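Here is the structure we will look at, set down as structure tokens.
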Ligand code: FAD
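Here you go:
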């Protein structure tokens, strides 16, 4: 007994001493002193880089940028800040590829962890009955694609753009044209390794530490830093048949989309987009897509009309081409698109998945990639999508020349309601993504204010008409708004935060919680 009391007293005193020391010492040097394999950067160039993101509208400079070499570099940093308690203002933001839109991977005066520096574990593809790959939380999806293909395997669920990190997309959901069948990326993960807001390293899965596992998926980085993920794989195809058809009738368009997402094995990817007041669109497609009926297609005039483009893909291997063509023809025969507007092409699987990167290279060369991106992403319940389309595509949006407007349905049954992500209550949800760029124009404006006011009108309409819409990649400024976003899930979210990040150290860029000082 006496021995134990002595031991506890020493522990207690040393904890106080550590806290006291940390408060007194200047923070960068106390961090610098940690025994790291990785390193910190404190220079203005590094801090400036960590203060930027794809949205290009928010810029908060951190105090330091950590380039971790191991998970313990991350755990030690967070534990160090945790031990300082509320005497320190320091917060920590994991930064994946910095493709957030509203400063979500930034921290004002805190520590940014550059997750791409974390190269452990080395990617390990496990081929067998239930194939998977273990990857670092800072790994880019494009690298995972290339590595798994070397083993004839591939992840099943993607985002439209692959130069994003595993930790970044799993913190949101990760949605693309495969989600109707496989669910979002957060439905295709088996295990995670997490560093929590108290600096503990925890392995978790649905069965083991399930509460942490589900909290982190779609958890906006609030509960821990994803340092490793086990991603489900399937055998990879080599080729993709990629198809576009047009509709002028929104009802026919959504009817066909909904039919396709519930038809087994029809297509492997289903998306769609809206075309408002655009000319010459088909001429652009002709560069890469072939019209099935060139003569009729050449008479088709898109000018001025609002059109809806259904985009489909079917995966195949070379030897299956004849069967695939037959199957595709059969599935297309049930659809009600404008007959002269069937365009298709065949590309490699990698070229299909990495398609947005081609646009990135083009836009970069014209200096149009690093412009502000006031994106708005919404999930709309199926029963309200017609009302939404009538008002938004009919009245609010007058053109789609600022960037694509995607619209496609997903099956809610493929989403796990134990995760943190917030989605509307209905079996089928439409993702509507306004992917706008504020491009400088000759008259000196970049259209940013115009796009922002359009976004505001769309959000106000959703609110007023009580559509039950939810923002995807949500962005709010006050806790009140966050509370409304989470609705009945708010209490769970708060509870999870109090367990895994009680001092509100992690992911301050979302402005959901404020560190109490
Ligand atoms: P960052 O912007 O660096 O971080 C995002 C958030 O996650 C931050 O809060 C950060 O703190 C946190 N975070 C980062 N890494 C970790 C980690 N390891 N552990 C815990 N938290 C972490 N999304 C889709 O779902 N579908 C799409 O098709 C799609 N297409 C896109 C196309 C483009 C061109 C762009 C720019 C974005 C697209 N997105 C899409 C959105 C994208 O998924 C998110 O912006 C994502 O957050 C970006 O990943 P990132 O690695 O750049 O993360």
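Numbering (the UniProt record's numbering), first residue to last: 12 to 528.
In this text, a Cβ means the ideal position worked out from N, Cα and C, and glycines have one as well.
In this text, all values refer to a predicted model and were calculated from it rather than measured experimentally.
State the DSSP-derived secondary structure class of residue 136, mapped to helix, strand or coil. Here residue 136 corresponds to residue number 125 of the chain shown, with the count starting at 1. Here residue 136 sits in strand by DSSP.
Sub-9 Å separation of residue 258 and residue 322 beta-carbons: Within the chain shown, numbered from 1, the residue matching residue 258 stands at position 247. Within the chain shown, numbered from 1, the residue matching residue 322 stands at position 311. No, Cβ-Cβ distance for residue 258 and residue 322 is not below 9 Å.
Considering residue 441, what are the terminal residues of the beta strand (DSSP E) in which it resides? Taking the chain shown and counting its residues from 1, the one referred to as residue 441 is at position 430. 439-445 is the extent of the beta strand (DSSP E) around residue 441.
What does the alpha-carbon distance come out to for the pair residue 484 and residue 210? For the purposes of this step, residue 484 is taken as the residue at position 473 of the chain shown. For the purposes of this step, residue 210 is taken as the residue at position 199 of the chain shown. About 26 Å.
Quick one: Cα of residue 309 to Cα of residue 298, how far? Residue numbering aside, residue 309 sits at position 298 when the chain shown is read from its first letter. Residue numbering aside, residue 298 sits at position 287 when the chain shown is read from its first letter. Approximately 14 Å between the Cα atoms of the pair.
Output needed for residue 293: all residues of its chain with C-beta closer than 7 Å, excluding positions within five of it in sequence on either side, in chain order. As a first step, residue 293 must be located in the chain shown, where it is residue number 282. So the qualifying residues of the chain are 308, 311, 313.
Which value, in whole angstroms, describes the spacing of the CA atoms of residue 370 and residue 172? As a first step, residue 370 is located in the chain shown; it is residue number 359 there, counting from the start. As a first step, residue 172 is located in the chain shown; it is residue number 161 there, counting from the start. Going from the Cα of residue 370 to the Cα of residue 172 covers about 10 Å.
Cβ of residue 454 less than 9 Å from any chain B Cβ? Looking for chain B here will not work: only one protein chain is present.
Given this structure, state the Cα-to-Cα distance separating residue 125 from residue 86, to the nearest angstrom. Locating residue 125 in the chain shown gives position 114, where the first residue counts as 1. Locating residue 86 in the chain shown gives position 75, where the first residue counts as 1. So the alpha carbons of these two residues sit roughly 14 Å apart.
At what residues does the beta strand (DSSP E) containing residue 78 begin and finish? For this step, residue 78 is matched to residue 67 along the chain shown. Per DSSP, residue 78 belongs to the beta strand (DSSP E) from 75-78.
What is the rounded straight-line gap between the Cα of residue 368 and the Cα of residue 96? Within the chain shown, numbered from 1, the residue matching residue 368 stands at position 357. Within the chain shown, numbered from 1, the residue matching residue 96 stands at position 85. If you take the alpha carbons of residue 368 and residue 96, they lie about 43 Å apart.
What are the boundary residues of the alpha helix (DSSP H) that includes residue 220? On the chain shown, residue 220 is found 209 positions in, with the first residue counted as 1. Careful: residue 220 lies outside any alpha helix (DSSP H) and carries neither H nor E.
I'd like to check one pair, residue 356 with residue 300: are the Cβ atoms closer than 9 Å? Taking the first residue of the chain shown as position 1, residue 300 is located at position 289. Taking the first residue of the chain shown as position 1, residue 356 is located at position 345. Going by C-beta atoms, residue 300 is nearer than 9 Å to residue 356.
Does the beta-carbon distance from residue 508 to residue 497 come in below 9 Å? On the chain shown, residue 508 is found 497 positions in, with the first residue counted as 1. On the chain shown, residue 497 is found 486 positions in, with the first residue counted as 1. Contact flag unset, no.
Could you pull out every unbroken beta strand (DSSP E) segment of at least 3 residues lying fully inside the segment 187-222, listed in chain order? 200-207, 212-216
For residue 51, write down the residues that DSSP places opposite it in a beta bridge. On the chain shown, residue 51 is found 40 positions in, with the first residue counted as 1. Answer by DSSP bridge pairing, in chain order: 77.
Are the beta-carbon atoms belonging to residue 193 and residue 271 less than 9 Å from one another? Counted from its first residue, the chain shown places residue 193 at position 182. Counted from its first residue, the chain shown places residue 271 at position 260. Not a contact, by the Cβ cut-off of 9 Å.
Going by beta carbon distance, what residues of the same chain come within less than 6 Å of residue 34, once the five residues before and after it are set aside? Position 23 of the chain shown holds residue 34. Low confidence applies to residue 34: its pLDDT is 41, below 50, so where it sits in the model is not reliable, and the reading given next is rough at best. Same-chain partners within the cutoff: 98.
Specify, as a first and last residue, the run of the beta strand (DSSP E) that residue 95 falls within. As a first step, residue 95 is located in the chain shown; it is residue number 84 there, counting from the start. Premise fails: residue 95 lies in the alpha helix (DSSP H), 82-95, not in any beta strand (DSSP E).
Assign residue 527 to buried or exposed, taking buried as 16 or more other Cβ atoms, counted over all protein chains shown, within 10 Å of its Cβ. Position 516 of the chain shown holds residue 527. Its Cβ having fewer than 16 others within 10 Å, residue 527 is exposed.
Whether residue 256 touches residue 352 by CB criterion (9 Å): Indexing the chain shown from 1 puts residue 256 at position 245. Indexing the chain shown from 1 puts residue 352 at position 341. Going by C-beta atoms, residue 256 is nearer than 9 Å to residue 352.
For residue 106, verify whether its CB is less than 8 Å away from any heavy atom of the ligand FAD. Against the chain shown, residue 106 aligns to sequence position 95. True, at least one ligand heavy atom lies under 8 Å from that Cβ.
CB-CB length for residue 278 against residue 422, believed under 8 Å: Here residue 278 corresponds to residue number 267 of the chain shown, with the count starting at 1. Here residue 422 corresponds to residue number 411 of the chain shown, with the count starting at 1. Not a contact, Cβ separation roughly 14 Å.
Measure the alpha-carbon distance for residue 477 versus residue 318 and round it to whole angstroms. Here residue 477 refers to the residue found at position 466 when the chain shown is read from its first residue. Here residue 318 refers to the residue found at position 307 when the chain shown is read from its first residue. C-alpha separation (whole angstroms): 26 Å.
Residue 219 versus 205, 232, 229, 230, residue with shortest Cα-Cα distance: Reading the chain shown from its first residue, position 208 is the one you call residue 219. The residue with the shortest Cα to Cα distance from residue 219 is 205.
So what does residue 388 bridge to, in DSSP terms? Position 377 of the chain shown, counted from the start, is the residue given in the question as residue 388. Its beta-bridge partners are 444, 483.
Straight-line gap, residue 142 to residue 248 (C-alpha atoms, nearest Å): Indexing the chain shown from 1 puts residue 142 at position 131. Indexing the chain shown from 1 puts residue 248 at position 237. Using only the alpha carbons, I get a separation of about 15 Å.
Say yes only if the C-beta of residue 64 is nearer than 8 Å to one or more non-hydrogen atoms of the ligand FAD, and no if none qualify. As a first step, residue 64 is located in the chain shown; it is residue number 53 there, counting from the start. Under cutoff, so the answer is yes.
Where does the unbroken alpha helix (DSSP H) through residue 256 begin, and where does it stop? Translated into positions along the chain shown, residue 256 becomes position 245. Here residue 256 belongs to no alpha helix (DSSP H); instead the beta strand (DSSP E) covers 250-258.
Nearest residue (CA-CA) to residue 389, options 446, 407, 347: Locating residue 389 in the chain shown gives position 378, counting from the first residue. Closest option to residue 389, Cα to Cα, is 446.
Residue 35 - DSSP class collapsed to helix/strand/coil: Your numbering for residue 35 matches position 24 in the chain shown. Annotation note: pLDDT 36 at residue 35 (below 50); position unreliable, no value reported.
Determine whether the beta carbon atoms of residue 147 and residue 177 lie at a separation below 9 Å. For the purposes of this step, residue 147 is taken as residue 136 along the chain shown, with counting starting at 1. For the purposes of this step, residue 177 is taken as residue 166 along the chain shown, with counting starting at 1. In this structure, residue 177 lies closer than 9 Å to residue 147 by Cβ.
Starting from residue 241, follow its DSSP beta bridges and name the residues at the other end. Reading the chain shown from its first residue, position 230 is the one you call residue 241. In the DSSP output, where bridge partners are listed per residue, residue 241 has 145, 202.
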